[in-house]
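In the UniProt record's numbering, the protein residues as written are 4 to 188. As structure tokens, the structure follows; a few thoughts come after it.
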Amino acid sequence: VKAAVFASGSGSNFEAIMKAGELPCEITLLVCDKPGAGAVERAKRLGVPVLELSPKQFKDKAAYEQALVKRLREEGIEWIFLAGYMRLIGPDLLGAYENRILNIHPSLLPDFPGADGIGDAFRAGVNKTGVTIHYVDAGMDTGPIIKQREVDILPNDTIDTLAERIHKVEHELYPEVIREVLTHK
Ligand code: GRF
């Protein structure tokens, strides 16, 4: 089974998935919508083919996603793992990969959805946050939750120390959930 990881940023979750071992799928493509993103460097280092597609090159989101779906189908991709892909998934991609798109988010959803889940939880002054893996729907971080893991916010945490612990949990949880979900399908 072939899968693609979608990333817009540094790609540390992509790398963690690549290095996890014993996955029931092979990551045969990194899709990146941000030219020059760190994830692309990692893919090159890890020997994973990259599809860099900038949405700006297309007349609208539908055209972008249709081009994406065409390429994914040509590559035989069956699953999509979003890992810091900073874009809502539209009907074209959702329709082509129904219940086959997962996302990771650095908070205990439904709390603190959006682009800065870590910072928003930190500033809210809660003493506990975490990581969520969920199926993707049309909303922002709203699809059915698959698994969550809590991370305590400690009295002398800064955003940076908290982020570091959250990322560590992310890097364990994503491969774990990929194993579980794909094994039971
Ligand atoms: C992660 O915190 C992920 O939960 C969020 O975006 C961040 C991506 O980090 N959706 P990286 O690019 O995997 O390092």
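For glycine and all other residues, C-beta sits at the position ideal for the given N, C-alpha and C.
State yes or no: is the C-beta of residue i within less than 8 Å of the C-beta of residue j?
i	j	result
L71	L49	no
P38	S57	yes
A66	Y177	no
A99	N16	no
E77	K5	no
L105	V184	yes
residue 202	F84	Since the first residue of the chain shown is 4 and the last is 188, residue 202 is not available in this structure.
M21	V51	yes
G133	D140	no
K64	G24	no
From the DSSP output, in three-state form, read off residue i for me.
i	result
D114	coil
E81	strand
T186	helix
Y177	helix
T164	helix
R90	coil
Y100	coil
N106	strand
K131	strand
F17	helix
D140	coil
D155	strand
Looking only at its chain, what residues have a beta carbon closer than 8 Å to the beta carbon of residue i, apart from the 5 residues adjacent to it on each side?
i	result
K131	L111, E153, V154, D155, I156
Return the chain-ordered list of same chain residues with a C-beta closer than 6 Å to the C-beta of residue i, the five sequence neighbours on each side being excluded.
i	result
V34	A7, F9, L54
G120	H108, P109, S110
F61	Y67
Going along the chain, which residues of its own chain have a beta-carbon closer than 7 Å to the beta-carbon of residue i, five neighbours each way excluded?
i	result
I148	L112, T135, H137
M143	L91, P116, G117
G41	G12, S13, G14
D160	none
Are the segment 118-127 and the segment 161-168 touching, with three or more C-beta to C-beta distances below 8 Å? Verdict: yes, contact present.
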